[in-house]
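S.K.:
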Amino acid sequence: MDFTEEQLKRYSRHIILPEVGGKGQKKISEAKVLLVGAGGLGCPVGYYLAAAGVGTIAMVDDDKVELSNLQRQIAHSVKTLDVHKADSAKQTFEALNPDVNVIPIKERLNSKNILDLFRDYDIIVDGTDNFPTRYLINDACVMLKKPLVSGAILRFEGQVTTILPHDGPCYRCLFEEAPPPGLVPSCQEAGVLGVLPGVIGALQATEVLKLIIGKGTPLKGRLLIYDALGVNFRKVKIPKNDDCAICGKSPTITELTDLPEEYCSI
Amino acid sequence: MAVKVKIPVPLQRLTQGKEEVEGNAGTIISLINSLDQKYPGLGERVSEGGKLRRFVNIYVNEEDVRFMKNEETEVKDGDEVSIVPAIAGGC
């Protein structure tokens, strides 16, 4: 596609970067990114990707906007209370940038629908709030060989990693299994500093854009840990686990299954 | 000089809010056990029956101990040990 004059102006600060240029901006405008969760992480990721001109952004979330979300979920507002988060985010992102096609998917991911939902997208972004969905997303991405940019937050701490299936470790290589229900508190129980998902989401959006334009070093094989109180960014290595249940030498997970529901309440 | 141990936010209530504590050189499991004496409850959050829990990772400097000698990995003075639990919030 050729850029209109208006688009040249809108994306001029990108196009002027040698690492992006017209070519990179074209890749961005043709990219299809699927975000799981339109909450704390999904809002800033989607916001920046929409501003950057990512052509197609799918938002998967079946929740509706509540007042307690607005302390951090910056795509929503008092005008969209009780509206599906995916629809609310679509309004916000398309108002920011009409070039972007935001596709709201008001469903919960499960082992039956996930492969079909992911198939048409180039990159998946994990901003979910529970372990079963995190493992399901990881396993689906490994099976479909889709890049996955994973972020998680709790209280004052965040974690980010980029998973390139079969070219590095996956989420199961990092954490072999989910904590039992009840052991790790949710944001609802433990709280989260409102700006924290902004920091982690902006890092995820950066990773997505780097993958799209093919520049820089992806955050692969490393877990970046941000501690807001101590102002520390640390990276630790994630070795590829030969015994990994999904991407190891003899995988034991060959089809997707749903973890019991009680995990969802942790 | 001792071993520095980075405590993740969810466990800092066991260490009186400290984000970093000090421990003695030796194996990871002896380090965890001695920290548990000082900060009761820390041990069971990280290990069970002398084995590290599978949803909590421990790093010596940047290296995951699962790919070294697991709980028997030796740490020496000056090493930095990080306890990193899986977290799932996106909310």
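Quick mapping for you: the protein sequence lines, in order, are chains A and B. Last residue of the first sequence: 250 (the numbering used here), numbering continuous. Last residue of the second sequence: 96 (the numbering used here), numbering continuous. Glycine included, every Cβ here is placed at the ideal spot set by N, Cα and C. From a predicted model like this one, the values you see are computed outputs, not experimental measurements.
#1: Is Leu177(A) helix, strand or coil when you go by DSSP?
#2: How far does the beta strand (DSSP E) with Asp110(A) in it extend, from its first residue to its last?
#3: Just confirm the distance between the C-beta atoms of Glu160(A) and Arg59(B), as a whole number of angstroms; I'd bet it's less than 8 Å.
#4: Please determine, among Lys224(A), Leu99(A), Lys233(A), Pro164(A), the residue with the shortest C-alpha to C-alpha distance to Leu18(A).
#5: Within 8 Å (strictly less), CB to CB, does Val10(B) reach chain A?
#6: If I follow the unbroken alpha helix (DSSP H) through Gly6(A), where does it start and stop?
#7: Can you tell me whether DSSP reads Gln143(A) as helix, strand or coil?
#8: In this structure, does DSSP put Lys69(A) in helix, strand or coil?
#9: List the endpoints of the continuous beta strand (DSSP E) containing Arg206(A).
#10: Tell me where the beta strand (DSSP E) around Pro88(A) begins and ends.
#11: Between which two residues does the beta strand (DSSP E) carrying Lys9(B) extend?
#12: Under 9 Å, CB to CB, which of the residues in the region 41 to 69 of chain B have a partner in chain A?
#13: Taking the beta strand (DSSP E) that Val51(B) belongs to, which residues open and close that run?
#14: Under the assumption that Val86(B) contacts Val10(B) (Cβ atoms under 8 Å), give the Cβ distance between them as a whole number of angstroms.
#15: What do you reckon, are the CB atoms on Asn122(A) and Arg92(A) nearer than 8 Å?
#16: I'd like to know whether the C-beta atoms of Val20(A) and Ile108(A) end up nearer to each other than 8 Å.
#17: Output yes if chain B places a C-beta closer than 8 Å to the C-beta of Cys171(A); else output no.
#18: In angstroms with no decimal places, state the Cα-to-Cα distance between Pro202(A) and Gln143(A).
#19: Starting from Pro90(B), follow the beta strand (DSSP E) in both directions and report where the run begins and ends.
#20: Inspect the CB distances between the region -2 to 18 of chain A and the region 39 to 58 of chain A and report whether three or more fall short of 8 Å.
#21: Taking the C-alpha atoms as reference points, what is the distance between Cys248(A) and Ser(-4)(A)?
#22: Using the beta-carbon count (16 or more within 10 Å), is Asp113(A) buried or exposed?
#23: Using a Cβ-Cβ cutoff of 7 Å, what residues of the region 12 to 35 of chain B are near chain A? List them in chain order.
#24: Taking 8 Å as the threshold (C-beta atoms), are Asn225(A) and Pro153(A) in contact?
#25: Label Pro45(B) either buried or exposed according to how many other C-beta atoms from any shown protein chain fall within 10 Å of its C-beta, with 16 as the threshold for buried.
#26: Which runs of the alpha helix (DSSP H) spanning at least 4 residues fall entirely within the region 112 to 165 of chain A, listed in chain order?
M.R.: Taking the definition as stated:
#1: Residue mapping note: residue 177(A) aligns to position 193 of the first sequence, counting from 1. Residue state, collapsed to three classes: coil.
#2: Start at 1 with the first residue of the first sequence, and residue 110(A) comes out as number 126. Looking at the DSSP string, the run of the beta strand (DSSP E) that includes Asp110(A) is 107 to 110.
#3: Locating residue 160(A) in the first sequence gives position 176, where the first residue counts as 1. Locating residue 59(B) in the second sequence gives position 54, where the first residue counts as 1. The beta carbons of Glu160(A) and Arg59(B) sit about 4 Å from each other, so the pair counts as a contact at 8 Å.
#4: Along the first sequence, read from residue 1 onward, the residue named residue 18(A) stands at position 34. The residue with the shortest Cα to Cα distance from Leu18(A) is Leu99(A).
#5: On the second sequence, position 5 is the one that residue 10(B) refers to. No - not a single Cβ of chain A is within 8 Å of the one on Val10(B).
#6: One-based indexing of the first sequence puts residue 6(A) at position 22. Looking at the DSSP string, the run of the alpha helix (DSSP H) that includes Gly6(A) is 5 to 14.
#7: In the first sequence, the residue the question calls residue 143(A) occupies position 159. The answer is strand: DSSP assigns Gln143(A) an E or B state.
#8: Your numbering for residue 69(A) matches position 85 in the first sequence. Reduced to three states, the DSSP call for Lys69(A) is helix.
#9: Numbered from its first residue, the first sequence carries residue 206(A) at position 222. Counting along the chain, the beta strand (DSSP E) containing Arg206(A) begins and ends at 206 to 211.
#10: Here the question's residue 88(A) lines up with position 104 in the first sequence. 85 to 89 is the span of the beta strand (DSSP E), which, as asked, contains Pro88(A).
#11: The sequence position of residue 9(B) within the second sequence is 4, counting from 1. Looking at the DSSP string, the run of the beta strand (DSSP E) that includes Lys9(B) is 8 to 11.
#12: Within the region 41 to 69 of chain B, contact with chain A at the beta-carbon level (separation under 9 Å) is assigned to Arg50, Arg58, Arg59, Phe60, Val61, Asn62, Tyr64, Asn66, Glu67, Glu68, Asp69.
#13: In the second sequence, the residue the question calls residue 51(B) occupies position 46. Taken as a continuous stretch (DSSP letters only), Val51(B) belongs to no beta strand (DSSP E), being part of the alpha helix (DSSP H) at 47 to 51.
#14: Taking the second sequence and counting its residues from 1, the one referred to as residue 86(B) is at position 81. Taking the second sequence and counting its residues from 1, the one referred to as residue 10(B) is at position 5. Yes, Val86(B) and Val10(B) are in contact; Cβ-Cβ is about 5 Å, under 8 Å.
#15: As a first step, residue 122(A) must be located in the first sequence, where it is residue number 138. As a first step, residue 92(A) must be located in the first sequence, where it is residue number 108. Not closer than 8 Å, so no.
#16: As a working note, residue 20(A) is residue 36 in the first sequence. As a working note, residue 108(A) is residue 124 in the first sequence. Against a cut-off of 8 Å, the Cβ pair of Ile108(A) and Val20(A) comes out as a contact.
#17: Along the first sequence, one-based indexing puts residue 171(A) at 187. Cβ-Cβ to chain B under 8 Å: yes for Cys171(A).
#18: What you label residue 202(A) is simply residue 218 of the first sequence in a count that begins at 1. What you label residue 143(A) is simply residue 159 of the first sequence in a count that begins at 1. Taking the straight line joining both Cα atoms gives about 15 Å.
#19: Stepping through the second sequence from its first residue, residue 90(B) is reached at position 85. Run containing Pro90(B): 85 to 90, per the beta strand (DSSP E) assignment.
#20: Contact check between the region -2 to 18 of chain A and the region 39 to 58 of chain A: three or more CB pairs, one atom from each, fall below 8 Å, which counts as touching.
#21: As a position in the first sequence, residue 248(A) is number 264, starting the count at 1. As a position in the first sequence, residue -4(A) is number 12, starting the count at 1. The predicted position of Cys248(A) is uncertain, since its pLDDT is 45 and thus under 50; no value can be drawn from it.
#22: The sequence position of residue 113(A) within the first sequence is 129, counting from 1. Under this definition Asp113(A) is a buried residue.
#23: If the cut-off is 7 Å between Cβ atoms, the region 12 to 35 of chain B has Pro13, Val14, Pro15, Glu24 near chain A.
#24: As a first step, residue 153(A) is located in the first sequence; it is residue number 169 there, counting from the start. As a first step, residue 225(A) is located in the first sequence; it is residue number 241 there, counting from the start. In contact: Pro153(A) and Asn225(A) (Cβ atoms closer than 8 Å).
#25: Numbered from 1 along the second sequence, position 40 holds the residue referred to as residue 45(B). Burial call: exposed.
#26: 115 to 128, 155 to 158
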